[in-house]
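Visitor:
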Amino acid sequence: MSFHYTKKNYSSYALIAFIVLSVLINVGFSTLASKYSLPLYLDTIGTIFVSILGGGLPGIITGMATNIIVNFFVSGYLYFSIINVLLALITSWFAHYSKLNRIIRVVAFILVSSAVCSVLGMEIQYLVEGLPMMVNLEEVSKLLYSGDGKGYFVSLTFVAFFLNIVDKGISLFIAIIAIKLIPESVKTNISNAGWKQKPMSLEDIRSYRKKVGRKTVLNKVSFILATTIIMLSIILVSISISFYYEDCKEEYTNEVYAVVESAASVIDGDQISEYVKWGKRATGYRDTEKILQMLLDNTQGVEKLSVFIAEKNGYMYIFQEAKPDVEILDNGKILPYMEQYTDLIQQFIDGEVVDELIYSEDKSVFSASYPIRNSNGDVVAYVIADVYMSFLSEYARDYLLKTFLCFSGFILLIMVMGFTHAGYNLVFPINSITQASSLFLASHGDQKALDENVRRTRALGIRTDDEIEALYIALCKMESEMAEYVRDLRHYAEVTKKMQNGLIITLAGMVENRDVSSSSHVQNTAAYVRIILNGLKRKGYYPEKISDEYMEQLEMSAPLHDIGKINLPDSIVSKHGELTDEEAEVMKNHTVYGREIIDRAIETVKGESYLKEARNMAAYHHERWDGTGYPEGLHGEVIPLSARIMALADYLDTLTSPRGFKISYSLEEALEMIQAESGKYFDPKCVEALNDSIVEVRAILNKNITRRY
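In this text, residue positions in the sequence shown follow UniProt numbering: the first is 1, and each later residue adds one.
#1: Quick one: residues in its chain with C-beta nearer than 6 Å to the C-beta of residue 40, no 5 flanking neighbours on either side, listed in chain order?
#2: Among 447, 535, 557, 456, which one has its Cα closest to the Cα of residue 472?
#3: Output the distance between the C-alpha atoms of residue 672 and residue 630, rounded to the nearest integer angstrom.
#4: Please go through the same chain and pick out, in chain order, the residues whose beta-carbon is closer than 7 Å to the beta-carbon of residue 157, but skip the five residues on each side of it.
#5: Beta-carbon of residue 666 versus every beta-carbon of chain B: anything under 8 Å?
#6: In terms of alpha-carbon separation, which member of 248, 70, 246, 431 lies closest to residue 199?
#7: Comparing alpha-carbon positions, which option in 305, 620, 262, 233 lies nearest residue 404?
#8: Once the 5 residues before and after residue 529 are set aside, which same chain residues still bring their CB inside 8 Å of it?
#9: So what does residue 368 bridge to, in DSSP terms?
#10: For residue 311, which of helix, strand or coil comes out of DSSP?
#11: Compute the Euclidean distance between the alpha carbons of residue 349 and residue 366, then round it to the nearest angstrom.
#12: Using 10 angstroms around the beta-carbon of residue 279, count the other beta-carbons present and answer buried if the total reaches 16, otherwise exposed.
#13: So what does DSSP say about residue 380, is it helix, strand or coil?
#14: So the alpha helix (DSSP H) residue 363 belongs to, where does it begin and stop?
#15: Classify residue 322 as helix, strand or coil using the three-state DSSP reduction.
#16: Around the C-beta of residue 523, are 16 or more other C-beta atoms found within 10 angstroms, so that it is buried, or is it exposed?
#17: Keeping to the same chain, check which residues put their C-beta closer than 8 Å to that of residue 179; ignore five residues upstream and five downstream.
#18: Which of the three DSSP states is assigned to residue 623 in this structure?
#19: Flag this pair as yes or no: are the beta carbons of residue 422 and residue 257 separated by less than 8 Å?
#20: At the level of alpha carbons, what is the spacing between residue 484 and residue 547?
#21: To which residues does DSSP link residue 304 through a beta bridge?
#22: Whole angstroms is fine: what's the gap from residue 296's alpha carbon to residue 248's?
#23: Expressed to the nearest angstrom, what Euclidean distance is found between the alpha-carbon atoms of residue 272 and residue 364?
#24: What's the call for residue 477, buried or exposed, on a 16-neighbour Cβ count within 10 Å?
#25: Does DSSP put residue 38 in a helix, a strand or coil?
#26: Pull the bridge partners of residue 615 from the DSSP assignment, please.
#27: Mark residue 300 as exposed unless 16 or more other C-beta atoms lie within 10 angstroms of its C-beta, in which case mark it buried.
#28: So is residue 197 buried or exposed if we call it buried at 16+ other beta carbons inside 10 Å?
#29: Can you look up residue 334 in the DSSP assignment and give me helix, strand or coil?
#30: Can you tell me which of 663, 541, 437, 218 puts its alpha carbon nearest to the alpha carbon of residue 688?
#31: Determine the DSSP secondary structure at residue 316, reduced to helix, strand or coil.
#32: Can you give the beta carbon distance from residue 321 to residue 305, rounded, assuming they're within the 8 Å contact cut?
#33: What residue from 281, 91, 340, 261 has the CA that sits closest to residue 383's CA?
#34: Looking at residue 381 and residue 291, is the spacing between their C-beta atoms short of 8 Å?
#35: Just to confirm before moving on: does the CB-CB distance between residue 84 and residue 55 stay below 8 Å?
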């Protein structure tokens with residue numbers, strides 16, 4: 001059985017073409033729905049279509065491509081990419097595992113997909129501010145709940161759910177109609193596009209997963225891949241936030257110094273005393289206030305800009321300008337120094353320049369100061385600007401959320417792509433090779449099973465273009481060569497077996513030719529042994545003993561049961577008429593001689609099992625069930641089963657075959673005589689098996705034309 005390896009490739013061009021077409025369908029229908037203000041999305045028709053045709057990965061690619069393209073026209077659309085990805089996976093599962101061939105399964109798909117899309121869609125809408133929302137959705141939701149908060153969110157989700165039911169129902173209907181128009185050959189080519197071998201059926205995949213449990217290469221690869229992607233995403237986001245934080249801190253530090261210096265330059269130091277005395281009623285106060293507010297508004301990181309005077313018992317604000325939600329204290333009042341100023345109080349009182357940044361205890365706020373001087377150059381007050389770093393934490397949370405929403409679809413795409421690639425290129429080929437090897441080993445030398453397994457292995461057609469394919473080709477060659485080797489061995493064994501049988505028959509014939517009363521005795525007894533064995537097997541007797549191999553051994557050994565007669569004198573073996581008592585005693589020795597001859601043969605050939613049964617037959621086929629036989633007087637089941645069967649076969653042939661001075665009995669007469677000896681001479685079960693096989697026995701008797709009937 002020579003090995004010829006031919007690759008069979010499933011083209012991916014059709015699948016790629018359908019993915020592109022599906023993206024265009026998504027974008028086109030979505031644009032139409034938006035243009036005509038339809039209360040539908042219609043942006044998942046292509047995703048559902050290609051997911052049913054080609055599986056989850058093509059569906060995810062279609063969904064992600066749709067989100068990327070639409071995002072150019074509708075800002076924030078990419079945040080919803082996770083929904084399209086999950087929809088592709090849900091559609092693929094329903095199409096390939098649940099089968100969308102019943103109404104209840106179609107309804108289940110629509111409900112599940114609608115629930116996922118509506119809940120996730122509204123959650124994303126709630127978490128990310130400024131995302132566009134369908135006008136009809138808001139109007140209907142306000143009819144159900146006019147307030148704000150959780151109630152409004154629930155009403156939005158409720159309305160979105162029913163809207164999605166209609167949307168997904170229409171999308172599924174269009175997708176199914178389109179699929180029915182595609183030729184079966186094209187659909188088969190698309191569904192098999194990823195396979196690098198003969199495609200496995202869903203039942204085969206489920207059987208494999210059930211057999212191996214959770215300890216599979218796919219699970220290990222999936223775990224490593226998922227862990228790597230997640231860890232890499234976390235590291236990249238963490239690094240980007242850290243860099244952003246440091247960049248912002250540096251930028252805001254430069255900004256805060258510039259602001260306080262600019263503010264100090266526009267404030268008239270000679271007017272500070274007037275501002276303290278008269279407050280907002282002082283000349284120039286409000287103009288200065290407007291300038292400070294303008295400076296504050298033109299900053300990005302500074303949240304509060306103040307002017308204060310340092311005293312021994314505290315400090316007093318003269319001006320305070322702040323952005324919304326930032327606390328402002330009273331101007332013109334002495335306030336106790338805050339803890340972060342403790343080490344700098346004396347410097348402020350002495351009118352010194354404080355160049356260092358001042359941090360709050362929790363590091364959430366840092367400040368910079370700059371002195372205000374009068375016309376004499378004396379420090380009369382300080383400008384201080386506060387930067388609140390807490391907004392960066394809010395930014396980080398917002399950044400993490402948006403990053404997760406934008407990249408979650410990409411992460412799932414990469415993971416599914418990795419899982420799929422590992423499955424098609426690694427897991428399934430290795431599993432197929434393993435199963436093929438196991439089946440080949442389980443053949444146990446059965447030539448038919450070996451040849452069938454060789455054909456099954458060849459049919460796998462693994463074509464990964466790597467070491468796995470090389471392993472597969474080597475396995476095919478090995479199995480093919482081993483099958484041929486076993487075939488040759490079996491041929492040699494059959495030839496050897498025929499030679500052995502021929503020698504046995506020849507040797508037994510030499511004995512038979514010396515005994516004038518034993519014409520065709522060797523062939524007849526061998527046939528009767530087979531008949532009795534078949535009868536015992538049908539009855540279910542001695543199941544632990546009777547096997548196909550055992551039956552074959554006994555049939556081969558039967559001709560040697562009288563081999564011991566070769567050591568007896570011709571005067572006894574070839575005598576016409578009855579033997580004398582002395583001659584009968586000599587004749588009994590043929591059982592002992594037979595055992596000795598076969599024992600020497602066993603020693604020579606190192607213990608062939610069929611010769612062991614031949615020895616038992618030769619030695620004990622004249623033993624009786626009741627223990628009155630010879631040579632050892634064994635009884636019951638102590639007598640080897642082969643000898644018990646041989647005793648009955650020998651006796652049956654003796655009764656039904658003409659032997660010199662004796663005439664033969666009819667089959668009915670012989671069976672009556674045998675039945676009379678059941679439990680005395682013969683094993684009752686063997687007698688019962690013989691009585692149930694009369695048709696086979698009569699067929700043997702009818703072959704001998706010398707018989708009377």
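We treat Cβ as the ideally placed atom computed from N, Cα and C, and that holds for glycine.
Remember, predicted model here, so these are calculated numbers, not experimental data.
Guide: This is what the structure gives:
#1: Reading the sequence shown from its first residue, position 40 is the one you call residue 40. Same-chain partners within the cutoff: 33, 167.
#2: As a position in the sequence shown, residue 472 is number 472, starting the count at 1. For residue 472, the nearest C-alpha among the options comes from 456.
#3: Counting from one through the sequence shown, the residue named residue 672 turns up at place 672. Counting from one through the sequence shown, the residue named residue 630 turns up at place 630. Using only the alpha carbons, I get a separation of about 24 Å.
#4: Stepping through the sequence shown from its first residue, residue 157 is reached at position 157. Within the same chain, residue 157 has close Cβ partners 118, 119, 122.
#5: Of the protein chains in the structure, only one exists, and it is not chain B.
#6: For this step, residue 199 is matched to residue 199 along the sequence shown. The candidate whose alpha carbon is nearest that of residue 199 is 431.
#7: As a working mapping, residue 404 is identified with position 404 in the sequence shown. Comparing Cα-Cα distances from residue 404 to each of 305, 620, 262, 233, the minimum goes to 233.
#8: Counting from 1 along the sequence shown, the entry for residue 529 is found at position 529. Cβ within range, chain order: 554, 555, 558, 645, 646, 649.
#9: The residue given as residue 368 occupies position 368 in the sequence shown. Its beta-bridge partners are 385.
#10: As a working mapping, residue 311 is identified with position 311 in the sequence shown. Residue 311 falls in the strand class under three-state DSSP.
#11: As a working mapping, residue 349 is identified with position 349 in the sequence shown. As a working mapping, residue 366 is identified with position 366 in the sequence shown. The alpha-carbon atoms of residue 349 and residue 366 are separated by roughly 20 Å.
#12: Taking the sequence shown and counting its residues from 1, the one referred to as residue 279 is at position 279. So residue 279 counts as exposed.
#13: By 1-based counting over the sequence shown, the position of residue 380 is 380. Reduced to three states, the DSSP call for residue 380 is strand.
#14: Sequence index remark: in the sequence shown, residue 363 carries index 363 (1-based). That residue, residue 363, is in no alpha helix (DSSP H); it is neither H nor E in DSSP.
#15: Mapped onto the sequence shown, residue 322 falls at position 322. Here residue 322 sits in strand by DSSP.
#16: What you label residue 523 is simply residue 523 of the sequence shown in a count that begins at 1. The residue in question, residue 523, is buried, as its Cβ has 16 or more Cβ neighbours within 10 Å.
#17: Locating residue 179 in the sequence shown gives position 179, where the first residue counts as 1. Cβ within range, chain order: 49, 52, 53, 187.
#18: Looking up residue 623 in the sequence shown gives position 623. If DSSP states are grouped into helix, strand and coil, residue 623 belongs with coil.
#19: The count along the sequence shown starts at 1 and reaches residue 422 at position 422. The count along the sequence shown starts at 1 and reaches residue 257 at position 257. Contact: no.
#20: Taking the sequence shown and counting its residues from 1, the one referred to as residue 484 is at position 484. Taking the sequence shown and counting its residues from 1, the one referred to as residue 547 is at position 547. When rounded, the distance between both Cα atoms is 27 Å.
#21: Position 304 of the sequence shown holds residue 304. Answer is 322, 386, bridged to residue 304.
#22: Residue numbering aside, residue 296 sits at position 296 when the sequence shown is read from its first letter. Residue numbering aside, residue 248 sits at position 248 when the sequence shown is read from its first letter. Cα to Cα, the separation comes out at about 17 Å.
#23: As a working mapping, residue 272 is identified with position 272 in the sequence shown. As a working mapping, residue 364 is identified with position 364 in the sequence shown. Rounded to whole angstroms, residue 272 to residue 364 spans 31 Å at the Cα level.
#24: Counted from its first residue, the sequence shown places residue 477 at position 477. It is exposed - the Cβ of residue 477 has fewer than 16 other Cβ atoms within 10 Å.
#25: Working through the sequence shown from its first residue, we reach residue 38 at position 38. Three-state result, residue 38: coil.
#26: The residue labelled residue 615 in the question sits at position 615 within the sequence shown. In the DSSP output, where bridge partners are listed per residue, residue 615 has none listed.
#27: Position 300 of the sequence shown, counting from 1, holds the residue named residue 300. The residue in question, residue 300, is exposed, as its Cβ has fewer than 16 Cβ neighbours within 10 Å.
#28: As a first step, residue 197 is located in the sequence shown; it is residue number 197 there, counting from the start. Buried is the call here.
#29: The residue labelled residue 334 in the question sits at position 334 within the sequence shown. Three-state result, residue 334: strand.
#30: Taking the sequence shown and counting its residues from 1, the one referred to as residue 688 is at position 688. That would be 541, whose Cα lies nearest to the Cα of residue 688.
#31: Translated into the one-based positions of the sequence shown, residue 316 becomes position 316. Of the three classes helix, strand and coil, the one that applies to residue 316 here is strand, per DSSP.
#32: As a first step, residue 321 must be located in the sequence shown, where it is residue number 321. As a first step, residue 305 must be located in the sequence shown, where it is residue number 305. 5 Å between Cβ atoms; contact.
#33: In the sequence shown, the residue the question calls residue 383 occupies position 383. Nearest C-alpha to residue 383: 261.
#34: Your numbering for residue 291 matches position 291 in the sequence shown. Your numbering for residue 381 matches position 381 in the sequence shown. For residue 291 and residue 381, no; Cβs fall outside 8 Å.
#35: As a position in the sequence shown, residue 84 is number 84, starting the count at 1. As a position in the sequence shown, residue 55 is number 55, starting the count at 1. It is not a contact, given that the beta carbons lie outside the stated cut-off.
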